[in-house]
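Okay, so the sequence shown: first residue is 1 according to full-length UniProt numbering, each after it adds one.
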Amino acid sequence: MNMFGYRAFGVMALSLMTVGSALALYRHHADTVWRVVHRQCASDASCSGEAMPFRAMDLAQDYALLQDRDGRAHVVLVPTRRIVGVESPLLQRRETPNYFWLAWRARGALSELLGKAVPDTAVAIVVNAQTAHLQNQLELHIACLRADIRQRLASVGAHWNPRWSGYWLQGHHYYLRTLSEEELIQRSPFIRLAEELPENPVKLERYGLALSRLQDGRFVLLALPRTLLGRGATLGATRELQDDTCTSAGTRSFSASSNSRVMWPGERSGVPW
Numbered sequence: 001m002n003m004f005g006y007r008a009f010g011v012m013a014l015s016l017m018t019v020g021s022a023l024a025l026y027r028h029h030a031d032t033v034w035r036v037v038h039r040q041c042a043s044d045a046s047c048s049g050e051a052m053p054f055r056a057m058d059l060a061q062d063y064a065l066l067q068d069r070d071g072r073a074h075v076v077l078v079p080t081r082r083i084v085g086v087e088s089p090l091l092q093r094r095e096t097p098n099y100f101w102l103a104w105r106a107r108g109a110l111s112e113l114l115g116k117a118v119p120d121t122a123v124a125i126v127v128n129a130q131t132a133h134l135q136n137q138l139e140l141h142i143a144c145l146r147a148d149i150r151q152r153l154a155s156v157g158a159h160w161n162p163r164w165s166g167y168w169l170q171g172h173h174y175y176l177r178t179l180s181e182e183e184l185i186q187r188s189p190f191i192r193l194a195e196e197l198p199e200n201p202v203k204l205e206r207y208g209l210a211l212s213r214l215q216d217g218r219f220v221l222l223a224l225p226r227t228l229l230g231r232g233a234t235l236g237a238t239r240e241l242q243d244d245t246c247t248s249a250g251t252r253s254f255s256a257s258s259n260s261r262v263m264w265p266g267e268r269s270g271v272p273w
């Protein structure tokens, strides 16, 4: 092997080592939340000294609450069993806890963090699609809605109904429908998404989900499909709807408008069901 060959071999070996190290580092950090919950909190309820402060634990309901490590108004509900994300088949089983309802019940943590009451209409619970979540464990992010998103929901939400329809938010095409509190309690949004969207079969790993409350008391469930090409391309990161500084929490309500830009399946969306 000549000098050029040795150099080429060395560059290739160094590149492989770099890629391998990066993958190992990613795997290590991608399991951070699972290690905190499973190895620490599940066996020791005093694990507040971990990198992500432990806030609450309910082993009977199979979840832990972790506070944002940067001290922002952001709490994460994490199952205490291994559920890798929205793509997990466990979320389609009716015996699996309704994590969205549990996260909604835990929304008071935001008021505690901010030292003031946060209106229900300012709260959002979100789960990112498989391509957008950074941890190898399901995370339900509990934080405030962005002020502009909250105002949009307030101005047009009265026109929405229990039928799935299309709507543009943040330049991305969402599907949404309304829910009563009883409907939210009775069936997990993960199961509802799989059973109700026209796509057959529904590839849940493609979808981010978000839940909030409208001014008339109904809930709104939003689904953001991963779209890699064309208008509204997105990885399915519904975290884009949240604001960890919670600037809109001080506003109790917004005025409603008389029109809505609801789209029905296939209408001008450019995004197939």
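Backbone N, C-alpha and C define an ideal beta-carbon position, used for all residues, glycine too.
State the DSSP-derived secondary structure class of Pro162, mapped to helix, strand or coil. Counted from its first residue, the sequence shown places residue 162 at position 162. If DSSP states are grouped into helix, strand and coil, Pro162 belongs with coil.
Rounded C-alpha distance that separates Trp104 from Arg231: In the sequence shown, the residue the question calls residue 104 occupies position 104. In the sequence shown, the residue the question calls residue 231 occupies position 231. In a straight line, the C-alpha of Trp104 is about 32 Å away from that of Arg231.
Worksheet item: Roughly how many angstroms lie between the CA atoms of Ala143 and Glu196, to the nearest whole one?
Response: For the purposes of this step, residue 143 is identified with residue 143 of the sequence shown, where counting begins at 1. For the purposes of this step, residue 196 is identified with residue 196 of the sequence shown, where counting begins at 1. When rounded, the distance between both Cα atoms is 27 Å.
query: If we count Cβ pairs, one from each stretch, closer than 8 Å, do we get three or more for the stretch 137-157 versus the stretch 69-78?
result: yes
Leaving aside the five residues before and after Gln135 along the sequence, list all residues of the same chain whose C-beta is less than 6 Å from its C-beta, in chain order.
What you label residue 135 is simply residue 135 of the sequence shown in a count that begins at 1. Contacts found: Ala30 and Val33.
Expressed to the nearest angstrom, what Euclidean distance is found between the alpha-carbon atoms of Ala22 and Glu205? Within the sequence shown, residue 22 is the residue found at index 22, counting from 1. Within the sequence shown, residue 205 is the residue found at index 205, counting from 1. Below a pLDDT of 50, predicted positions are generally treated as unreliable, and Ala22, at 34, falls in that range; the measurement from the model is reported next regardless. Taking the straight line from one Cα to the other gives about 24 Å.
Could you please give me the residues that DSSP links to Ser212 through a beta bridge?
Here residue 212 refers to the residue found at position 212 when the sequence shown is read from its first residue. In DSSP, Ser212 forms a bridge with Ala124 and Val220.
Between the Cα of Val202 and those of Ala158, Gln151, Ala223 and Asn161, spot the shortest distance and give me the residue it belongs to. Here the question's residue 202 lines up with position 202 in the sequence shown. Measuring from the Cα of Val202, the nearest candidate turns out to be Ala223.
Cβ separation of Gly157 and Gln215, assumed to be a contact under 8 Å, to the nearest whole Å: The count along the sequence shown starts at 1 and reaches residue 157 at position 157. The count along the sequence shown starts at 1 and reaches residue 215 at position 215. Gly157 to Gln215, Cβ: 7 Å. Contact.
**OP:** May I ask you to verify whether the stretch 122-138 touches the stretch 82-90, counting CB pairs closer than 8 Å and requiring at least 3?
**Re:** yes
**Request:** Excluding the 5 residues preceding and the 5 following Trp101 in the sequence, name in chain order all residues of the same chain whose CB lies nearer than 7 Å to its CB.
**Result:** One-based indexing of the sequence shown puts residue 101 at position 101. Closer than 7 Å at the Cβ level, and outside the excluded window around Trp101, lie Leu184 and Ile185.
Check your understanding: Can you tell me whether DSSP reads Asp58 as helix, strand or coil?
Key -> As a working note, residue 58 is residue 58 in the sequence shown. Looking at Asp58 - three-state DSSP - the assignment turns out to be strand.
Subject >> Three-state secondary structure (DSSP) of Ala64 >> reply: Position 64 of the sequence shown holds residue 64. If DSSP states are grouped into helix, strand and coil, Ala64 belongs with the strands.
query = Does the distance from the CB of Tyr174 to the CB of Trp168 come in under 9 Å?
reply = For the purposes of this step, residue 174 is taken as residue 174 along the sequence shown, with counting starting at 1. For the purposes of this step, residue 168 is taken as residue 168 along the sequence shown, with counting starting at 1. Their beta carbons are under 9 Å apart, which means Tyr174 touches Trp168 by this criterion.
* To do: Within the same chain, show all residues whose beta-carbon is closer than 7 Å to that of Leu193, passing over the 5 residues directly before and after it, in chain order.
  => Along the sequence shown, read from residue 1 onward, the residue named residue 193 stands at position 193. So the list reads Val202, Leu204, Tyr207, Leu209 and Ala223, once near-sequence residues are dropped.
### Task
Counting only the same chain and skipping the five closest in sequence on each side, list residues whose C-beta sits under 6 Å from that of Leu90.
As a working mapping, residue 90 is identified with position 90 in the sequence shown. The answer, listed in chain order, is Ile83 and Thr96.
- Query: Going by DSSP, what residues sit across from Asp243 in a beta bridge?
  - Reply: Here residue 243 corresponds to residue number 243 of the sequence shown, with the count starting at 1. DSSP lists Cys144 as partners of Asp243.
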